[in-house]
Structures are given as C-alpha cells and as structure tokens.
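Here is the structure we will look at, set down as structure tokens.
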Amino acid sequence: MSDFPRWKYALVVIVLLFGIVYALPNVFPPQPAVQISGNRGTTIDAALKGKVEGLLATAKVPASSIQIDDKAGRLLARFGNADAQSKASDALRVGLGDNYTVALNQASTVPAWLQSLGANSMPLGLDLQGGVHFLMEVDQNAVIDTQENRYTDDIRSMLREKKVNYDSVNRNARGQGVNVVLRTDADRQQAASLIGADYPELQIADGPSSGNRFVLNATIKPAKLREVSQGMITQNLTTLRQRVNALGVSEPLIQQQGTSQIVVELAGVQDTAEAKKIIGAVASLQYRAGLYTPQQALDAARTKNVPPDAKLYFGRDGRPYLLSKSVIATGDELVDAQSGRDPQNGTPMVSVTLNSSGARKMQEFTNNNVGKPMAVLYTTRTTETKMVDGKEVKTPKIVEEVINYANISSPFGKKFQTNGLPSDAEASELALLLRGGSFAVPIDIVGESVIGPSLGADNIDKGFKAVMLGLGLVLVAAAIYYKLFGLVADIALFFNLVLLVAVMSMIHVTLTMPGIAGIVLTLGMAIDANVLICERIREELRNGSSPLASIRTGYDKAWATILDANVTHLLAALGLMTMGSGPIKGFGVTLFIGILTSMFTSVTVTHAITALIHGGRKLKTLSV
Amino acid sequence: MEIFNHNANFNFLGLRRFSIGLAALLIVASVALIGAKGFNYGQDFLGGVSVSVAFQNPVDTNDVRDALEKSGVENPLVQAVGGSREVAVRLLPKDDAKNGGAATGDEAASRVAKDVVKAIQAVRPDASMKSYSFVGPQVGEELRSDGIVAVIFVIVGIMGYLWIRFEKRFAIAALLTEIHDVLVTLGIFALTQREFDLTVLASVLAVVGYSINDKVVVFDRVRELFRSSRNATPEEVLNRSINSTLSRTIITSLFTGITMAALYFIGGPVVHNFAITMLIGILVGTLSSIFVASPILLWLGVSKQDLMPRTKEDPELARRP
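From first to last, the protein sequence lines are chains A and B.
Reminder that position 452 of the first sequence reads as 452 in the working numbering, one-by-one numbering, no gaps.
Here the working numbering runs 1000 ahead of the position in the second sequence, where the first position is 1.
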C-alpha cells in the first residue's frame, strides 16, 4: 500500500526485534544464591572454593554450582531453592568467620550473549521476592537541638575570648535561638557585630532592653538549618550503607525519600530484629596517640607481641597500627568535620572542630607531641544473635578500625586540619565518618514490613496469571468482535506487552505488585486505540468508501482522537509518577511507559500489518 | 459482529435535565456520605500494625476476632483476604496503647505481631504468620497531602491541555465531569467502607486518566462534527457525537473492565482494592461520558464558531487574500 512507506516497515521490524531481545531476559527466573566476598585483603581463590565446597558438604546442602567471579572479586554459590540457600548461608557464615562477608543473592540465569547486549531482567520489588522494608525518619528536632546548643557554647566562649562583658548566654525554647544578655547597649552592638562577622548563618535581632539588661537574640537561618539537616541525612545514609554491608545483604536499597526520610529495603532478609540491631548500632570515635614505627607495628601484627603501653589495631586497608591505650578526645567532643581543599597547597583535607572540653585536652596533648603521629579510631558496636543448640545466644560484636593516621605538624586546640589526604573522595568519606561517629542524628523507624519469600512467590504467580488471563480475554474478545482487524490488534497488543516489559527492563524499573496492576490496566486500555480505528473504518465503509480508502481515512481520523486521548492520559500517569511514595510511583511509571508503547503498537504496528495484508490487492470487503 | 445499531440516534441530550439532575444529586450524596461516614483509611494512612496470617484449613474471621479479644487485644480489625485461608489483622495505633504503643516503638511492632499470631495459635494451631508491617501515623499525613497535590496537578494539567487543543468550555465540562467521577467513586468507597489505602489512591488517579480519555473521544467527535456540519444545532451535533462514539465507548469500557475483573479475581489481595476501584471508576466514567459531559457542554453554550480553526479568527490572517 502506497501510503505506508518502507522506512516505517523497517522501523516496526527494528523496534519489535529490540523489544523481543530486551524483554527476553525476564523469561529466565533468578536463582537463589549465596555470595561471598572477602574483607581485609583476603583473596577469593580456588582454595576458598574448596573450603566452601567442604563446608556445604558437611552441612548437607550441595550447591548446584560454585563460581569465582574475578571481576567483582566474589564467589557465587547457586542453589535449587530458597530453603537450601538460607541453610547454606548460615553454615558458611559460621564456617568462614569474620574475614568474609556472606550475603544472600539472586543469581541471574540470563544467558551470557543476552547480558553482553546489556539485556537484563527487571529487578523484583520486595513484595515479589520477600525481605524487609524500613522507613526511617531523621529527627529534625535533634538537628535543631544540636545546632542551637553548639551556637550557645560558641557564642559564650567567643564573647569571653574577645573580652565582651555579658550577663548570660542561654538557649531559648527549640527554634527560638540563643539569647545573649549584655549590660550596655554599646556591648550589645559590639557583640552583634562580632557574632555577625563570625557566624553569617545566624540571624541577629535586638531583644527587649531595660536598665542594665540588653538582650540580643541569635537564631539560625532556615537555609542553614535545611543545609545542616540535608548534611545529616547524607551522613546517616553513609553510615547506614556501611552497616548494611556488614549485614551482608547484596544489592540493598538505601535511599532518601522526601526531605527527612530514608528507605531501606533488604531483599532476602527475614529477621527484622537482627537487621534493626545492626542498622541502629552505636558508633563512636576516639583520638589516640600513635606509638612506635610502622615497621614495629608490622612486626607486632606478625608475632602478636604487642608492647604493654600500646594496643594493636588495623586500618580499613588492613594495615596494622600501634596506638596508645589512653584516649585524647572522643567523638562526643567533636562538633563538626568538613572536607575541602587546603588553601595553601591545594591538597584534599578535612577540617575538624572540637567543643571546649575536647579543645583543652587536644591543646595539652599537641603542645607536647608535635611531629608525632595521632590516629582516629572508629568503633561500631552491634549485638549479634546466633542460634546455638536451638537457643538464642547474644554476643556483642565490636569492630574497631583506624580511619586516619597522621603526624601532628603544630599544636592546635579547637579547630584543626588533617592534610595530605590522597583524594577528595577519601577526604569527604573521612569527614562523613568523623561526623557519623559523633552526632549521627537519631533516626526513628516509622514504618517496617516483612514479606515472606513464599508470599513473594505467591504474588508473582498471581500477578502473572492476572496478566495472562486479562490479556487472553481481551485477545479473544477483540478477535470475535473485529475479526481480521481484531486479530491484527491482538498481535499489536501482544507486542505491546513485550515492548513494555523491554523498556521497563532496560531502564531498570523495579517490578512490584502495583506495577503489575499497571501492566494489566495498560493492556486493557491499549486496545482502545484499535477500537477507535476499527469503528472509524466501519463508519467509512458504511458511508460507501472503498475498502482501501476506508482504511486510510480510518487511520487518519482516529489518529487525532488517539493522540488527544493519550496525551491527557499521560498527564494522569505523570501525576502518579510525581507522587513521593514508592508503590504509586511504580504504578505511574508503568502506566506512562505503557501508554507510549501502546500508541506505537496499536497505531503503527497494526497499520504495517494491515498494509501488508491488504496492500496491492483489489478488495471488495473488509473483515472488520 | 456488531452489538450496537449504527443508525441509532438516541436523544441523549433530551434526557439532560434528568441526567444532570441525577449527576448533581449523586455528587451531593457522595459529599454527604464522605462527610458523614468518612473513609475507612488503611494502614498506609493511619499507621499501626498489620499482620497477615495464613491457615492450613479454612477459617472464620469471627473466630479469629474472638480469639484476639479473649487474649486482650482491643478492637482488632480482622479481614479475610484471598479466600478463607488467610486473614489480615490490623491494630490501629490508638487501640494499641496496651501493647506499649505500637505507633511509637518500632521494637514493639514485631512484638505485637508475634503476640497476635500467638493469640490466634492458641485457638488455631495451624496458623502461621505470612508477613507483617508497621507504619507510623506521621507517614500518612504526608501521603494524604501528596495525594491531594497529585490530583490537583493532574486535573489542572488536563484542563490546560484541553483548553489549548479544544476550547475553554470543553476544559470546564471535562473538569466538572471529572469532579463528578472522582467524587462518586469516592462516595461509593465511603458507602461500602472498603479500606482506603495507597493503591486505592493510585487507582483514583488512574480513574481520572481513564475517564478523561473517554470524554476526549466524544469531545473530539463533537469538534469534528461542528466543523463539518453546516446547519445542525448544537444539540443535534452533540447527540450525533455521542451516538457515533457510543459503540467505541462501551466496547473499550468492556475490554478494560475485563482485564480489571481478571485482576480482581486472581490478582490476589494486594491488588484487590485497586481492581475494584477501577471497575467502579470505569462504570461511573463511562456513564458520565454518555450522559453528563455533553449536556454540560451544551449548557455552557458551545457553538460552531468556537471550534473553527484558530487561524480564521485571527484578524491579521483574515485580512489577507
């Protein structure tokens, strides 16, 4: 047919091929697996593989395959079912000890040639594979409290330093800032200009004045509070990520939602109590003197012969350090840590601020120890619950790491810098850890849910059946009602499902139950365009047009309607996508993609097929 | 195959007093119902603990309720989900003060869930916990305001589009009918006191999308017929538009309805409420496309002049030869 150009045929063929290839991976169901990765320089090699095989044999859970993935530096053992997977992970966790992280994983069974094209299956939402979900909220009040307390201290000590006479510096009710009471108006003006110069993030206003009482009120500007609160969320996200890694969950979802919430989803984990303990673990920070030389530390690590005044610790990279047993300052005394670049030599650095008690101790220590090393020790304390002989045994687990080790260049007190860090990334990570160790804002868990793996499988099964039944019924109904044109619409509808799945897989939309509902709804509504076209063709035939002219006019006239109807529908889908919450978003994304793919398949694809069938033939009637 | 007589010219507009009156009545009734009974908000909005319990043998929800009340759980909401072998037990935060206030303590949530299952197991040893979830009440507040913002965004966006592509009367008619559809759908929800949760909120937005789609098809035909007809009165044009799109309106509703029914019957409890809202919305939206949208259009005084292509209205262009 002349009005359907060749390039459009080519487009249809290319798009459909693309759809088939990228939708195909979803046919291969993921396999339960256990992933093992090493900590502290341990290697993943054939010896480990042999050890894992041995442990699995003792536990009587044979793996269907054990592979070493050199690129990712991990070992993957696959199992036939989720039951064997959890048994195996328990056995391996105990057997391999702390040097390895054992995580539950879903191993892809997609063939390598598909993966090399970048084709992967859709990740499944928690409701489809089971796991735990936490919704956490950062305590905004705590953010305000810490900030206002800090400014109260700072203003007091600054006024003392600058020798401004004051009566009192006190914190008001939350959100009301700090009140400084001075004796004369001149003092007040001096104090105001000093505070204004040092703390531009404070809003300063004169309060009531009477006799020898002149009040100055300083409040934190909202922009600064927002910035601080965002910083705290980022910091909490980092801390959470590290802790979840300790939990050994592969591919956890940890992300910010809205302005003050954090979502954590751990697929495959069933024990919320255990997860909560680790997520809510207490972390702390200590400044200690570094003793002896690196060589002596290495020797001590090898021989286990530690000098009596020192204790042996390890850095994140596994290097040994010998640190003094006494503590100079702790994380509670740390007020702030910011990463940046040294204005003098441009190297990455972290600048740290201590409170007054920390500053005094630091001053004392550094005065006497210029040129000697000082280290930052980071400690996380969690409680581990293990089942031993059917009984719960709780053991506290403490992880201590040296996160920074540097020489003291000159005496310092309240504010100091750590220079010469290897990269900006490391500087900002150190800053985050320093802050994380000191004032991680309390996070409240405001929502939690556990979805059993069997419920997840059940949901997938039901969702799949609903899609198939809905699709089947519409296919049959369309074929009966519109005969040949109905069959053409059916082919298009099927490809719509393929394309929709392909696009969703390509852009990594996580498939959830609401998403499946969106797919079903899209399938039901996608046929609408074909109904419009078929009804138009019927009308044209009734008006006495020739079959070919009817097809042409039918498609032309229906297109304007289809476009208007679908644009308005897209707007509705957009509304759903902009909703903050997860499940609705997933539904909206599915609907949005579905409307776009259905416009292509139900108009262009059906037109191509119709042109192929009817083109170049003399027709007396149409089967519509 | 054809179900509808294509020569039908039923006088839908002749029913306009009756149909608009009925629509207005339905709106008033829905608003009154929503005001009087309110929604049976689900856990997503209210917070609290929800435990889903599976049984090996069929179970009666009354037995579960009795067992829970006997063990001191106050006002549990027990609903059968997915047949007779699974129930969902919901405890609102305010009813849960005895258990240490599940609304505040996340630690308490898993304990409460375990207590509930234990209480049920005392009577029915074949019970086992399938899942549980806990949501704090402050989350719901945010969701509700997000939801309202989303609905307003959608309606304003659609109105703007119709205003540009059609004419302002079409935008207003669509808006009024849309309000009717949403309110009546919500009204039915308030009447039946079905649980109103996040997926229901999503489906209410999907109903907006579906029913606007339906109206646009009729409006499109109205515009086309106005432009092509010479002497027809607006009432004739509107009637002919509804009649000539009638078969499409009903067939599409049927097809969409079929898929939603499939979802309703076998999609499982998670999407149950979604499917039922869509089914209600499809019915309400279809009826209002036929009986309500066009009468409003007539009432707003739509005319042929409003719909002629814009260029001709532009005096600058009209002056050219």
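Even glycine gets a Cβ: it sits at the ideal position worked out from N, Cα and C.
Item, Value
"Pair every Cβ in the segment 468 to 478 of chain A with every Cβ in the segment 597 to 608 of chain A, then say whether three or more of these pairs are closer than 8 Å.", "no"
"Relative to the alpha-carbon of F134 (chain A), which residue among A:A112, A:V269, A:Q190 and A:L574 has its alpha-carbon at the smallest distance?", "A:V269"
"Quick check: P422 (chain A) and M513 (chain A), are their CB atoms within less than 9 Å of each other?", "no"
"Starting from the Cα of G588 (chain A), find the closest Cα among B:L1201, B:E1224 and B:K1215 and give me that residue.", "B:L1201"
"Between B:I1250, B:I1179 and B:A1080, which lies nearest to N1062 (chain B) when the distance is taken from Cα to Cα?", "B:A1080"
"Provide the residue(s) that pair with R213 (chain A) in DSSP beta bridges, ordered along the chain.", "A:S210"
"Can you check DSSP and say which residues form a bridge with E448 (chain A)?", "A:F134 and B:F1134"
"For A77 (chain A) and I68 (chain A), which I take to be in contact (beta-carbon distance under 8 Å), what is that distance rounded to the nearest angstrom?", "So it is not a contact: roughly 10 Å between Cβ atoms."
"Since H1272 (chain B) meets chain A, which of its residues come closer than 8 Å, beta carbon to beta carbon?", "Ordered by position in chain A, no residue passes the 8 Å Cβ test against H1272 (chain B), which lies about 10 Å from the chain."
"Starting from N1239 (chain B), find everything on chain A with Cβ-Cβ shorter than 7 Å and list it in chain order.", "Within chain A, no residue comes near N1239 (chain B); the closest Cβ sits about 16 Å away, beyond 7 Å."
"With a threshold of 8 Å (Cβ to nearest heavy atom), would R213 (chain A) be considered close to the ligand FMN?", "Judged by which ligands are present, the structure shown has none, so any question about the ligand FMN falls away."
"Can you give me, in chain order, the residues of the segment 471 to 482 of chain A that have a beta carbon less than 9 Å from any beta carbon in chain B?", "L471, G472, L473, V474, A477, A478, I480, Y481 and Y482"
"Specify the secondary structure class of R1085 (chain B) as computed by DSSP and reduced to three states.", "coil"
"Which chain A residues are close to K1130 (chain B), counting only those with a beta carbon under 7 Å from its beta carbon?", "G452 and L455"
"Out of B:G1035, B:G1038 and B:G1047, state which residue places its alpha-carbon closest to the alpha-carbon of I445 (chain A).", "B:G1047"
"Output, in sequence order along the chain, the residues in the segment 250 to 270 of chain A whose CB is closer than 9 Å to any CB in chain B.", "G258 and Q261"
"Express the C-alpha separation of R226 (chain A) and M1278 (chain B) in angstroms, rounding to a whole number.", "40 Å"
"Can you confirm whether K462 (chain A), when its beta carbon is compared against all beta carbons of chain B, has any partner nearer than 9 Å?", "yes"
"Just checking, does the segment 308 to 318 of chain A make contact with the segment 110 to 122 of chain A on the three C-beta pairs under 8 Å criterion?", "no"
"Could you check whether the segment 1180 to 1189 of chain B touches the segment 565 to 581 of chain A, counting it as contact only if at least three pairs of C-beta atoms, one from each stretch, sit closer than 8 Å?", "no"
"Closer than 9 Å, Cβ to Cβ, to anything on chain A: give me those residues from the segment 1176 to 1204 of chain B, in chain order.", "L1198, T1199, L1201, A1202 and S1203"
"Taking Cβ-Cβ distances shorter than 9 Å, what residues in chain A pair up with L1212 (chain B)?", "In the sequence under discussion, the amino acid at residue 1212 (chain B) is Ile, which differs from the Leu named in the question. Under the 9 Å cutoff, chain A gives A565, T568, H569, L571 and A572."
"Give the range of the alpha helix (DSSP H) segment to which T512 (chain A) is assigned.", "Note, T512 (chain A): premise wrong, no alpha helix (DSSP H); not H, not E."
"Alpha carbon to alpha carbon, how far is I144 (chain A) from A173 (chain A)? Give it in angstroms, no decimals.", "11 Å"
"Measure from the alpha carbon of Q129 (chain A) to the alpha carbon of each residue in A:K311, A:D528, A:D461 and A:G211, then state which is nearest.", "A:D461"
"Tell me whether the segment 1021 to 1039 of chain B and the segment 1185 to 1200 of chain B touch, counting them as touching only if at least three CB pairs, one residue from each stretch, are closer than 8 Å.", "yes"
"By how many angstroms is the C-alpha of D1115 (chain B) removed from the C-alpha of V1049 (chain B)?", "12 Å"
"Got a sec: is the Cβ-Cβ distance from R1248 (chain B) to anything in chain A below 9 Å?", "yes"
"Are any of the Cβ atoms in chain A nearer than 9 Å to that of E1141 (chain B)?", "no"
"Can you tell me whether Q85 (chain A) is buried or exposed, with buried defined as 16 or more other CB within 10 angstroms of its CB?", "buried"
"Starting from Y1161 (chain B), find everything on chain A with Cβ-Cβ shorter than 7 Å and list it in chain order.", "V567, T568 and L571"
"Using 9 Å as the limit for Cβ to Cβ distance, is G1209 (chain B) near chain A?", "yes"
"Quick check: the Cα distance between F1265 (chain B) and G470 (chain A), rounded to an integer number of angstroms?", "10 Å"
"Please report whether the beta-carbon of H614 (chain A) lies at a distance below 9 Å from any beta-carbon of chain B.", "no"
"Since V520 (chain A) meets chain B, which of its residues come closer than 9 Å, beta carbon to beta carbon?", "T1259, M1260, A1262, L1263, G1267, V1271 and A1275"
"If you check the beta carbons only, do G420 (chain A) and A431 (chain A) fall under 9 Å apart?", "no"
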